[in-house]
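Under this note's numbering, think of the first position of the sequence shown as 48, with each following residue one higher.
See structure below.
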Amino acid sequence: MDVGETYIRDFLNDFIKDIKMNQSQYLSCGNGSNLTCDDQWNPNHSSGQRSIGLDVFTYVTPVIFAVGITGNTISLLVFLTKNMRKLSASVYLAALSTADLMALIFYVLVEWIRKGIPVGSGQVTAPFLESNGVCQIILFMSYSFRFLSAWLVACFTLERYIGVCHPLKRKDVCNLRSSKRIVFLAVIVSFVIASFRPWLSEVLYVGPNNVPSCTRRPEHTNLSFIYDCIFVVCITFLPFLVITILNTLIIRKLIIRNKRHRQVRITTKESIIRLEFTIILITISFCFIAFNTPYAIIWFKHSLQMSSIRMEDSVFVPTNQNLLIFTKTIFFMNYCINFFLYSITGAYFREELKMLFTYRSKVYQSFHKCPLPNSPGTTPQSWVA
48 MDVGETYIRD FLNDFIKDIK MNQSQYLSCG NGSNLTCDDQ WNPNHSSGQR SIGLDVFTYV
108 TPVIFAVGIT GNTISLLVFL TKNMRKLSAS VYLAALSTAD LMALIFYVLV EWIRKGIPVG
168 SGQVTAPFLE SNGVCQIILF MSYSFRFLSA WLVACFTLER YIGVCHPLKR KDVCNLRSSK
228 RIVFLAVIVS FVIASFRPWL SEVLYVGPNN VPSCTRRPEH TNLSFIYDCI FVVCITFLPF
288 LVITILNTLI IRKLIIRNKR HRQVRITTKE SIIRLEFTII LITISFCFIA FNTPYAIIWF
348 KHSLQMSSIR MEDSVFVPTN QNLLIFTKTI FFMNYCINFF LYSITGAYFR EELKMLFTYR
408 SKVYQSFHKC PLPNSPGTTP QSWVA
């Protein structure tokens, strides 16, 4: 009896210990991004049982990356043109395009390399990503530009709110100098907040095969989880509240103004441009909310479930992770959609985009129309107009 009781007690202790270890892994929110509890998920553990979330992540993420890199690069070139860079709104949108580019490189691409490319069990896709130094740099850049991307939208919303609802303060706030100061301050705050993540992370060798993993330090597990929760709130719910409240006030003001000036309307090019940027802002804001909210809700729901996990509930973990991976892919779309929003809602943006490519095309054509100096039957021409 004593031997049997001892065996049963040891078995139950080991089983409960395994459950607690799994709970700790989910709560630690894993490697790489350190943002979601799906980071412990490894697609190679169940290569024969592909989930819908995993398939969407694997095949859609490269498309998001390619479209985002192309669209944000073109948008950045447009906002840096001679006409556009004179506008205060272009400062925010150029900075947003840059932040989205960096987020695509250091977050979306890295996440896809780590989890979207199938490799053998006990192996890593890119070992150089799982080395000390590179691990911390990627985390710092990822956290910095994701935070910056979210709050640039909020800052742009604040600028448009002042321009629409407080026109007397427009000259003091809605100018190039103020815009550059606000963007610079947002960059500094992003770097300061993200600087904590490398300090909380390191490369550890995990599993029976001693696979290197860029994850959090064991001694800072609880602190890292608290940090990630605060970070999620800062890049989702807080910007969501700011954007929603200010956009509601902006739309209300525009409706009142439209009713008041329906009879007598004085239209200027400046007012049209301001209105277009306001419409662009509203569409960006709504897409930001649409792409961020599902992921944030599922993340918090998943985290709460993992914090109170019971043995009989552990069967629901794969389903939650599948939904988490799917919403994470939708979240990635936040970094590639803006170019299409600019093109659809901004006539002035489309005009500058057309001029950008038309001008370059004309320069290319004029370059090739210049006759060669030694060609027969031609008069030598100067290369300088």
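Just so it is clear, CB atoms sit at the ideal spot from N, CA and C, and this is done for glycine as well.
Legend entry - Residue from Val-107, Ile-99 and Met-131 whose Cα sits closest to the Cα of Met-402: For the purposes of this step, residue 402 is taken as residue 355 along the sequence shown, with counting starting at 1. Ranked by how close their Cα comes to the Cα of Met-402, the residues Val-107, Ile-99 and Met-131 have Met-131 in first place.
Legend entry - alpha helix (DSSP H) segment containing Leu-9, residue limits: Since the first residue shown for the chain is 48 and the last is 432, residue 9 is missing from the structure and cannot be characterised.
Inset, instruction - Can you grab the Cα-Cα spacing for the pair Val-107 / Thr-376, in whole Å? - result: Looking up residue 107 in the sequence shown gives position 60. Looking up residue 376 in the sequence shown gives position 329. C-alpha separation (whole angstroms): 8 Å.
Inset, instruction - Can you give me the Cβ contacts of Ala-141 inside the same chain, cut-off strictly under 7 Å, excluding the 5 residues immediately before and after it? - result: Counting from one through the sequence shown, the residue named residue 141 turns up at place 94. The beta carbon of Ala-141 sits closer than 7 Å to the beta carbons of Leu-123, Phe-126 and Leu-127 from its chain, once the five residues preceding and following it are set aside; these are given in chain order.
Inset, instruction - Can you give me the start and stop residues for the beta strand (DSSP E) that Glu-249 sits inside? - result: Here residue 249 is taken as the residue at index 202 of the sequence shown, counted from 1. 248-253 is the extent of the beta strand (DSSP E) around Glu-249.
Inset, instruction - Buried or exposed for Ser-231, please, with buried defined as at least 16 other CB atoms from any protein chain shown within 10 angstroms of its CB. - result: If you number the sequence shown from 1, residue 231 lands on position 184. It should be pointed out that residue 231 corresponds to Phe in this sequence rather than to Ser. Exposure of Phe-231 is indicated by the presence of fewer than 16 other C-beta atoms within 10 angstroms of its C-beta.
Legend entry - Helix, strand or coil at Thr-330 according to DSSP, with G and I counted as helix: Along the sequence shown, read from residue 1 onward, the residue named residue 330 stands at position 283. In the structure shown, Thr-330 sits in a helix (DSSP, three-state: H, G or I).
Legend entry - CA nearest to the CA of Phe-335, picked from Leu-301, Glu-249 and Ile-290: Position 288 of the sequence shown holds residue 335. If we check each option's Cα against that of Phe-335, Ile-290 comes out closest.
Legend entry - Cβ-Cβ separation, Ile-327 to Tyr-389 (assumed contact under 8 Å), whole Å: In the sequence shown, residue 389 corresponds to position 342, counting from 1. In the sequence shown, residue 327 corresponds to position 280, counting from 1. Rounded, the Cβ-Cβ distance is 6 Å, consistent with contact.
Inset, instruction - Entirely within the segment 155-188 and at least 4 residues each: give me those alpha helix (DSSP H) ranges in chain order. - result: Listed in chain order, the complete alpha helix (DSSP H) runs (minimum 4 residues) inside the segment 155-188 are 157-162.
Inset, instruction - Work out the CA separation of Thr-405 and Val-280 for me, nearest whole Å. - result: Residue 280 sits at position 233 when you count from the first residue of the sequence shown. Residue 405 sits at position 358 when you count from the first residue of the sequence shown. Between Val-280 and Thr-405, the C-alpha separation is close to 44 Å.
Inset, instruction - Over the uninterrupted alpha helix (DSSP H) stretch that includes Cys-276, give me the two end residues. - result: Within the sequence shown, residue 276 is the residue found at index 229, counting from 1. It spans 268-279 - the alpha helix (DSSP H) in which Cys-276 sits, taken as one unbroken run.
Legend entry - Stretch-stretch touch, CB-based, cutoff 8 Å, three pairs: the segment 243-253 with the segment 176-191: Counting Cβ pairs under 8 Å, three or more are found: they touch.
Legend entry - 8 Å contact criterion, which Thr-325 and Arg-207 should meet: CB distance rounded: By one-based count along the sequence shown, residue 325 stands at place 278. By one-based count along the sequence shown, residue 207 stands at place 160. Rounded, the Cβ-Cβ distance is 5 Å, consistent with contact.
Inset, instruction - Tell whether a beta-carbon distance below 8 Å holds between Leu-195 and Ala-136. - result: On the sequence shown, residue 195 is found 148 positions in, with the first residue counted as 1. On the sequence shown, residue 136 is found 89 positions in, with the first residue counted as 1. Not a contact, by the Cβ cut-off of 8 Å.
Legend entry - Ranges of the alpha helix (DSSP H) found wholly within the segment 186-220, counting only runs of at least 4: Listed in chain order, they are 217-220.
Legend entry - Status (buried if at least 16 other CB within 10 Å, exposed otherwise) for Ala-233: Looking up residue 233 in the sequence shown gives position 186. Buried, by the Cβ-count rule.
Legend entry - For Thr-374: DSSP bridge partner residues: Position 327 of the sequence shown, counted from the first residue, corresponds to residue 374. Thr-374 is not bridged to any residue.
Legend entry - Alpha-carbon spacing of Ile-111 relative to Met-149, whole angstroms: Counting from one through the sequence shown, the residue named residue 111 turns up at place 64. Counting from one through the sequence shown, the residue named residue 149 turns up at place 102. In a straight line, the C-alpha of Ile-111 is about 14 Å away from that of Met-149.
Legend entry - Distance cut-off 7 Å: Cys-182 Cβ against heavy atoms of the ligand MN: Questions concerning the ligand MN fall outside what the structure shown contains, since it holds no ligand whatsoever.
Inset, instruction - Would you grab the beta carbon distance between Val-171 and Val-250 for me? Rounded to a whole angstrom, and I think it's under 8 Å. - result: Taking the first residue of the sequence shown as 1, we reach residue 171 at position 124. Taking the first residue of the sequence shown as 1, we reach residue 250 at position 203. The beta carbons of Val-171 and Val-250 sit about 11 Å from each other, so the pair does not count as a contact at 8 Å.
Legend entry - C-beta neighbour in chain C for Ser-144, strict 8 Å: Of the protein chains in this structure there is only one, and it is not chain C.
Legend entry - Cα-Cα separation, Ile-519 to Trp-159: Given that the chain is displayed from residue 48 to residue 432, the structure contains no residue 519 and the question cannot be resolved.
Legend entry - Cβ-Cβ distance between Ile-282 and Ala-197 below 8 Å: Position 235 of the sequence shown, counted from the start, is the residue given in the question as residue 282. Position 150 of the sequence shown, counted from the start, is the residue given in the question as residue 197. Cβ atoms of Ile-282 and Ala-197: closer than 8 Å.
Inset, instruction - Would you mind sorting Pro-265 into buried or exposed? The rule is 16 or more other CB atoms within 10 Å of its CB. - result: Within the sequence shown, numbered from 1, the residue matching residue 265 stands at position 218. Counting of Cβ neighbours within 10 angstroms places Pro-265 among the exposed residues, the total staying below 16.
Inset, instruction - Going by DSSP, name the residue or residues bridged to Arg-263. - result: Residue mapping note: residue 263 aligns to position 216 of the sequence shown, counting from 1. In DSSP, Arg-263 forms a bridge with Ser-248.
Inset, instruction - Grab the span of the alpha helix (DSSP H) containing Lys-227 for me, first residue to last. - result: If you number the sequence shown from 1, residue 227 lands on position 180. 223-241 is the span of the alpha helix (DSSP H), which, as asked, contains Lys-227.
Inset, instruction - Compute the Euclidean distance between the alpha carbons of Leu-101 and Pro-165, then round it to the nearest angstrom. - result: In the sequence shown, residue 101 corresponds to position 54, counting from 1. In the sequence shown, residue 165 corresponds to position 118, counting from 1. So the two alpha carbons sit approximately 11 Å from each other.
Inset, instruction - Drop a sphere of 10 angstroms on the beta-carbon of Asp-219, count the other beta-carbons inside from all chains shown, and report buried for 16 or more, exposed for fewer. - result: The residue you call residue 219 lines up with position 172 of the sequence shown. When all chains shown are included, Asp-219 counts as exposed.
Legend entry - Nearest neighbour of Phe-104, chosen from Leu-223, Phe-387, Leu-156 and Tyr-190 [CA to CA]: Here the question's residue 104 lines up with position 57 in the sequence shown. Of the candidates Leu-223, Phe-387, Leu-156 and Tyr-190, the one whose C-alpha sits nearest the C-alpha of Phe-104 is Leu-156.
Inset, instruction - Figure out for me which residue from Val-138, Ser-144 and Ile-99 has the closest Cα to the Cα of Thr-114. - result: In the sequence shown, residue 114 corresponds to position 67, counting from 1. The sequence shown places Val at residue 114, not Thr. With respect to the C-alpha of Val-114, the residue from Val-138, Ser-144 and Ile-99 having the closest C-alpha is Ser-144.
Inset, instruction - Alpha carbon to alpha carbon, how far is Arg-161 from Ser-191? Give it in angstroms, no decimals. - result: For the purposes of this step, residue 191 is identified with residue 144 of the sequence shown, where counting begins at 1. For the purposes of this step, residue 161 is identified with residue 114 of the sequence shown, where counting begins at 1. For Ser-191 and Arg-161, the gap between their C-alpha atoms comes out near 20 Å.
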